[in-house]
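Letter by letter, the sequence shown follows residues 1 to 762 in UniProt numbering.
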Amino acid sequence: MSERSISHLDKAIVNKICAGQVVVTLASAIKELLENSIDAEATKIDIRLKDYGCESIEVVDNGLGIEEAQFERITKKHCTSKLRSFEDLASVTTFGFRGEALFSLCQLAELIIHTCSADATYGTRLQFDANGCIAAKRPLARSRGTTVIVNRLFHNLPVRRKNLSEPAQMIKEFSKAVNVLTAYCLVAVNKQITCTRVGKSGEKVLVVSNGASTSLQDNIAAVFGQSQLNCLIPLLQVTTVQSDVLAEFGIKDPILDENIKLHGYISKPPGVEANVSIRPPGSRVSPKTDNAGHGRSSADRQFVFVNGRPCDMPKINRMVTDLWRRCSRETISLSSSGLRMPVQSTSSRYPVFVLCFQVPTDIVDVNLTPDKRTLLLQNQNQVLALTKAVLLQTLFRSNGVDLLSLTNKSFETDVSAIEIVNLPIDLLSPEVPKKRPFVFEPSVQASKKVPTENCLLQNNYSLVIPSTEEPRLVPIPSLAFEKSGYAENIDKFDYRDADGVGSAENPLELRPSVPLEFSFTKLKQSLSSVSIDLSTVCSTSSTSAFSLGNFRAEDSNAAEGELTTYFSKSSFHELEVVGQFNLGFIIGLHNQDLFIIDQHASDEKYRFEQLCADHRFVCQPLVVPRALDLSVGQEQLLLSNLDVFAKSGFAFHVDESAPCGRQVQLTATPMVGNKVFGRADVEEMLFVLAESCSRNCRPTRLRDILASRACRSAVMIGTALDHGKMRRIIRKMGTMEHPWNCPHGRPTMRHLFHLGRLGIGN
């Protein structure tokens, strides 16, 4: 028989492959066991994880238990008590219904079950083999309920087992499992869910629990603390939906399905602060620092539930975040007491929300993915419209904003009476990246012909806020300054650096520009005189390491993708230096491909990566330690990476006697100029660590400071380089972690030309 002929796979192989698709991670294994306990009508569920779940997972509940007649079937594939026909799938209300979880766990781990039903006189201990058959059975004493023990998860899958048992990855997987448990602790009302971690020495540490709660509000307070609950507001109910919202989602019927309901909580809209206020010129403003309700630096506390099932609905997450941020800008523009802005720009903050949808079971399909977190809604637009209507009612009304005023509403006042204190530029232009500010003294008089919208002028200020559209860049005509007195009005030029270093006492060095003689006519004449032999091109192109069609992208991101695909970091050591162009770029040759390298961006990125790896910021002890409102997973991640935080200037006090999530206090922060660092920067680092496990993790503001220092110390444009210096810059690029862009996003190199097109040999 041919090796490529089609044949039946062995049943054991099929079972192992399919089981690996059902239970993919530690979190998915815990989720399946927890859902089984909830389906068994348990009111108390205790989850115990030994060695972060790597050694064993134990789930104990007080549910209905398993009757003896069902012992043989509970671990058989596709055996379930939830369905009798395919039509029953449309009305299923339980978490599980496919009968795959326990069978898959038998394939991937050692499974033991202790159970006792209501009518049984004693309990039973069952041990199963890899095929789901009972390998051992004996009686035991226990109360009604079930205990499922999973030992050595993924012991027969070497790659997954190694991934789970590595210390850094173990904490990451544990954090994901805690996030899953947190979602169920929030939504499970009248069900006490508790998770504890058992250390190697036997000590027990509480991970997460919702206590004996009777409402969603109680669950939020138990899981995240009363302080978090105080920063949330309940969603208001709506009876009608605005016509523009209906039109946005293409709904013609103004009456939505009354069976679709939404309740929950969301962060309070960002409070208005005294950063910008109407007051006489010359008077000083002391900005407040109340951050209550300003959301979080990451989207780690955003939960959506459909019929009590945690699910992933990215459209709803994006819409809620956008409306929450927009509420801040509307409040700014409509505040009756003048322009007042939050201390911290809300454009990068994320709201905390818990949204609970109730929909008819026959309009939702949960049987799309093994984890059942991806849902398909028949009336998705109605759900989106209802969500937006509820959020508009809740967020804008809570800030005293009239919903009728949200369309093309502008607020104008005399700019001479406005004093700006730490005005975040991205608050006015959310999609425009921050630039280093240039300050001219005294102010340059602008022409009256300049448009007044989205511009800060000498005579008035206008801020136009669209109601439901995404922020977008609007083309503005060139600013025509008045000729009279323009040059004379600029007495002093002040350059303020990204980290607050730099002033009029250290002005920028202005280098004279060198005119470049260039003529398109001469270029066309030169190209017309070049004869290209296609046969020569075809014969010589094979000697290049790259295909002629490999480098065609004009888009920056696409060009970077091509470079990373066809040009490896090891190729930098093979790149020959041709010379320097325009005192700013290095021309390199690799086989028959010419590359242009930005000497400043390349050297800047090398210095930046060195600073990120080695630089330690000086820390400033706090007079009063600050409590950190962290989840249990974040707290464990922080404790495992204390050295990473120490490099950035953060120090902590750990109280092991305190409950999990409340053990860590911030005792010192980085000291850099006049910048203030705090809890938000710690949360940002934790979010990055959870995603990448990078040891060079830095908060964004410290990263910007390091990028600024690297920029100032790097080889500048306009500096003549000898052959050795150019070669060193190129060789260093091969040692970088990411050599394709500078810290500010500028590309370090691009492909110029393939010499094979001109018939030029090596």
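For glycine and all other residues, C-beta sits at the position ideal for the given N, C-alpha and C.
Computed from a predicted model, the values in this text were never measured in an experiment.
The C-alpha of R197 lies about 29 Å from the C-alpha of A668. Less than 8 Å separates the beta-carbon of Q636 from that of F174. In the DSSP assignment, S37 falls outside any beta strand (DSSP E) and within the unbroken alpha helix (DSSP H) covering L26 to D39. Here K162 carries a helix assignment [DSSP, helix/strand/coil]. Between Q393 and V624, the CB-CB gap reaches or exceeds 8 Å. Here C133 is exposed: its Cβ has fewer than 16 other Cβ atoms, across all protein chains shown, within 10 Å. Judged by beta-carbon spacing, V654 lies beyond the 8 Å limit of L666, meaning their Cβ atoms are not closer than that value. Runs of the alpha helix (DSSP H) lying entirely within the UniProt domain "MutL C-terminal dimerisation" (577-721) and spanning at least 4 residues, in chain order: 599-614, 632-639, 642-647, 679-692 and 700-713. Excluding residues up to 5 positions away in sequence, G734 lie with their Cβ nearer than 7 Å to the Cβ of S570 in the same chain. When DSSP states are grouped into helix, strand and coil, A136 belongs to the strand group. By alpha-carbon distance to S267, the top candidate from K252, Y350 and G756 is Y350.
The straight-line gap separating the alpha-carbon atoms of L216 and M319 is approximately 23 Å. Ranked by how close their Cα comes to the Cα of A714, the residues L628, L611, M685 and R616 have L611 in first place. Taking 8 Å as the cut-off, the beta carbon of T369 is found no closer than this to the beta carbon of K176. In the structure shown, M736 adopts coil according to DSSP, grouped into three states. Ranking C106, L102 and I13 by CA distance to the CA of L34 puts L102 first. Between the C-alpha atoms of C185 and F249 there is a straight-line separation of about 33 Å. Counting only residues of its own chain and dropping the five nearest sequence neighbours on each side, V577 has a CB closer than 7 Å to the CB of I586, G588, H723, M726, R727 and I730.
Around D218, the same chain offers no residue with a beta carbon nearer than 6 Å, after the five sequence neighbours per side are excluded.
Counting C-beta atoms within 10 angstroms of its own C-beta, A720 has fewer than 16 neighbours from the protein chains shown and is therefore classed as exposed. Annotation for L755: Q592 place their beta carbon closer than 6 Å to its own, counting only its chain and skipping 5 residues before and after. Comparing alpha carbon positions, the residue from T748, V688 and E72 closest to R703 is V688. Around the beta carbon of S5, a 10 Å sphere encloses fewer than 16 other beta carbons of the protein chains shown; the residue is thus reported as exposed.
Taking 8 Å as the cut-off, the beta carbon of T94 is found no closer than this to the beta carbon of Q192. DSSP places N151 within a strand segment (E or B) once states are collapsed to three.
Y184: member of the alpha helix (DSSP H) spanning P167 to V187, first to last residue. Looking at the DSSP output, Q358 sits in a beta bridge with K261.
Minimum Cα-Cα distance from L236 among the listed residues E604, N131 and L355 corresponds to L355.
Less than 8 Å separates the beta-carbon of G661 from that of L630. Bounds of the beta strand (DSSP E) holding I45 are K44 to K50. Relative to V304, the option among I316, S298 and R296 whose CA is nearest is I316. Shown here, F249 sits in coil according to DSSP, grouped into three states, outside any helix or strand. A direct Cα-Cα distance of roughly 48 Å separates L628 from K252.
Pairwise C-beta distances place the stretch 65-80 in contact with the stretch 101-121, as three or more of them are shorter than 8 Å.
Taking the Cα of K76 as reference, the smallest distance to any Cα among S104, R160, L686 and K388 is reached at S104.
Sequence-distant Cβ neighbours of A27 in its own chain, meaning closer than 6 Å and more than five residues away, are K176, A177 and V180.
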